[in-house]
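Numbering-wise, the sequence shown is residues 27 to 516 according to the numbering used here.
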Amino acid sequence: MTEQNAIQAGWNLDNSYTRLPAIFYAKLTPPPVRSPKLAVLNAPLAAALGLDAEALRSSDGAAVFAGNRIPEGAEPLAQAYAGHQFGHFTMLGDGRALLLGEQITPGGERFDIQLKGSGRTPYSRGGDGRAALGPMLREYIISEAMHALGIPTTCSLAVTTTGESVFREAELPGAVLTRVAASHLRVGTFQYAANWGKAEDLKALADYALQKHYPEADAAENRYLALLQGVIKRQAALIAQWQLVGFIHGVMNTDNMAISGETIDYGPCAFMDAYNPSTVFSSIDAQGRYAYGNQPRIGAWNLARLAESILPLLHADEDQAVQLAEGAIAEYFELYQRNWLSGMRAKLGLFHVEEQDDSLIEGLLTMMQKHGADYTNTFRALTLEKPEDTVFYGTEPFSRWYEQWQERLGRQPESQDDARQLMRSSNPAVIPRNHRVEEALDAAVMHEDYSVMERLLEALANPYAYAAEQAEYCSLPVPSAYPYRTYCGT
Ligand code: AMP
Ligand code: MG
């Protein structure tokens with residue numbers, strides 16, 4: 027890259043990961059791709075990072091996003107990690123992603139810049155290290171939607187086509203996603219350190235995570251316990267937020283759980299339509315391990331793997347270390363439940379705690395499940411004060427429930443208007459509905475028409491707007507004989 031362009035684009039990179047012990051990464055230069063071309067650029071994100079969108083749109087910009095040019099300060103590396111995949115422990119590592127380093131923003135914050143689909147790495151196993159355009163655009167759309175919903179997530183800066191084909195069930199256009207994250211430290215990174223590292227490697231990793239994500243915990247009496255508690259607190263809040271909007275991650279392996287508390291790795295994820303806790307979209311999740319209703323429990327299971335990995339740091343005496351770990355995990359369930367309940371109250375316009383709230387909420391969910399009610403649109407109808415738009419309108423149980431809810435609302439000191447506002451800001455009207463996402467991807471991948479995706483992204487950027495012109499994004503798909511299916515690692 028010409029120096030002039032680097033200055034214009036605003037790249038200000040430093041890779042602090044290289045200061046961890048060498049077992050945690052493999053440095054390498056990405057193999058160049060044939061002809062990089064920018065497909066999508068996230069201009070507001072670029073600006074927040076201190077990058078110049080216009081300069082990024084140049085051919086030099088696309089060359090950086092494809093891994094063909096390495097900006098100054100970047101030190102590309104593939105991260106090593108392990109993970110429980112569907113419960114089975116494996117050595118993994120980034121098989122198709124390179125961390126360029128952290129972009130230091132004008133405000134002094136650091137964000138990982140990662141190229142996903144940039145080619146083979148020492149951790150690729152049998153894979154080609156590449157990614158297809160459709161799944162990278164899908165990650166772009168859904169991570170943007172999550173961000174606009176106010177849910178912590180990695181973000182997508184750009185998708186760049188490579189001019190090369192990747193071969194899956196079919197020949198597909200190749201692409202690289204430029205991913206931005208607080209970091210790419212995973213529960214699996216700690217599992218890797220615990221299994222393959224020395225004691226000082228584990229400690230170096232924990233210190234790095236503390237300093238990067240939990241600086242306030244650094245001063246705690248037991249700083250590693252404070253680290254574990256910090257991760258638990260953020261994950262309990264995160265997974266509650268997923269449940270509240272009906273997001274199904276789809277592949278909650280321990281390598282896909284971030285220490286920062288951000289949602290990471292958009293593979294077979296999708297939003298639930300009809301409310302049913304057993305909803306699964308992923309084609310490979312035959313047992314329903316990662317079903318919607320299992321996500322909170324899987325979160326605890328993954329966090330227990332983190333706790334196990336750092337046991338030697340929690341206390342020199344193993345029994346006491348185990349006790350501390352168990353106490354922290356027990357707190358996860360309380361925190362999760364508290365987050366979820368207060369979120370559900372907000373969805374119903376309730377400001378304060380009443381003992382009967384659990385049964386009021388359960389009552390609604392039970393009806394939704396029984397009638398196959400759309401999760402988002404049911405809350406949207408209640409928010410719009412249009413109970414007649416719910417599928418169970420006119421049934422005896424709903425009339426009774428509605429009356430109870432209205433009485434409950436009447437008992438709180440806040441005004442009706444305040445309750446309405448609370449509901450509007452807690453119930454998204456627009457989510458990335460599966461048929462809308464597919465339609466946008468089809469137009470982009472098959473016809474190089476990005477206008478459908480752009481319109482969808484615009485609607486997804488304001489999920490709580492309740493704007494009339496967004497109504498088309500609230501409608502359900504035409505019923506199909508086939509359930510919606512999602513795929514991993516494509
Ligand atoms: P994921 O399901 O995306 O979390 O991927 C699981 C692991 O497989 C990660 O370590 C990925 O880097 C790796 N992986 C996924 N797809 C590929 C690919 N096409 N080539 C090489 N490695 C891959
Ligand atoms: Mg992954």
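Beta carbons are placed, not taken as given, at the ideal position from N, Cα and C, and that holds for glycine.
Contact between Gly155 and Gly145 holds, with the beta-carbon distance rounding to 4 Å and staying under 8 Å. In the same chain as Gly272, and ignoring 5 residues on each side of it, the C-beta atoms closer than 6 Å to its own belong to Phe297, Met298, Tyr401, in chain order. Between Leu329 and Tyr358, the CB-CB gap stays under 7 Å.
Distance between Ser169 and Glu498, taken at the CA atoms: about 21 Å. Excluding five sequence positions before and after Val306, the CB atoms of its chain that fall closer than 6 Å to its own CB belong to Gly314, Ala317, given in chain order.
When the five nearest sequence neighbours on each side are left out, the beta carbons in the same chain lying within less than 8 Å of the beta carbon of Ala207 are those of Phe137, Asp138, Gln140, Thr180, Cys181, Ala284, Ser286, Glu288, Ile290, in order along the chain.
By the Cβ-count criterion, Glu165 is buried, with 16 or more other Cβ atoms from all chains shown falling within 10 Å of its own Cβ. Ser308 has its Cβ no nearer than 6 Å to any heavy atom of the ligand AMP. Rounded to whole angstroms, the Cβ separation of Gly109 and Gly214 is 4 Å, and the two are in contact under 8 Å. Judged by beta-carbon spacing, Thr187 lies within the 7 Å limit of Lys63, meaning their Cβ atoms are closer than that value. Around the CB of Tyr234, 16 or more other CB atoms lie within 10 Å, so the residue is classed as buried. Only buried fits Ser209, as 16 or more other CB atoms lie within 10 angstroms of its CB. Here Ile177 carries a coil assignment [DSSP, helix/strand/coil]. For Thr116, there is no enclosing alpha helix (DSSP H); the residue is part of the beta strand (DSSP E) that begins and ends at 114–117. Beta-bridge pairing by DSSP links Gln129 to Leu39, Phe137. With the rule of 3 Cβ pairs closer than 8 Å, the stretch 421–433 does not count as touching the stretch 460–473.
By the criterion of at least three beta-carbon pairs nearer than 8 Å, the stretch 44–51 is not in contact with the stretch 235–246.
The DSSP-derived three-state label of Asp400 is strand. Contact fails between the stretch 71–81 and the stretch 98–116, because fewer than three Cβ pairs, one in each stretch, are under 8 Å apart.
Measuring C-alpha to C-alpha distances from Leu126 to each of Arg459, Asp40, Arg60 identifies Asp40 as the nearest.
For Thr215, the enclosing alpha helix (DSSP H) has its first and last residue at 213–222. Taking 6 Å as the cut-off, one finds no heavy atom of the ligand AMP near enough to the beta carbon of Cys295. In this structure, the ligand MG has no non-hydrogen atom nearer than 6 Å to the beta-carbon of Asn41.
The nearest non-hydrogen atom of the ligand AMP is less than 6 Å from the C-beta of Ser150. Not one heavy atom of the ligand AMP is found less than 6 Å from the C-beta of Asp86.
Counting along the chain, the unbroken beta strand (DSSP E) around Leu103 starts and ends at 103–105.
One thing to note: Ala326 has its Cβ no nearer than 7 Å to the Cβ of Leu337. Distance from the CA of Asn68 to the CA of Tyr301, rounded to the nearest whole angstrom, comes to 32 Å.
For the 7 Å CB-CB criterion, Val202 and Ala158 do not form a contact. DSSP, read as helix, strand or coil, puts Lys412 in coil. Rounded to whole angstroms, Ala89 and Gly160 show a C-alpha spacing of 20 Å. The three-state secondary structure of Phe405, taken from DSSP, is helix.
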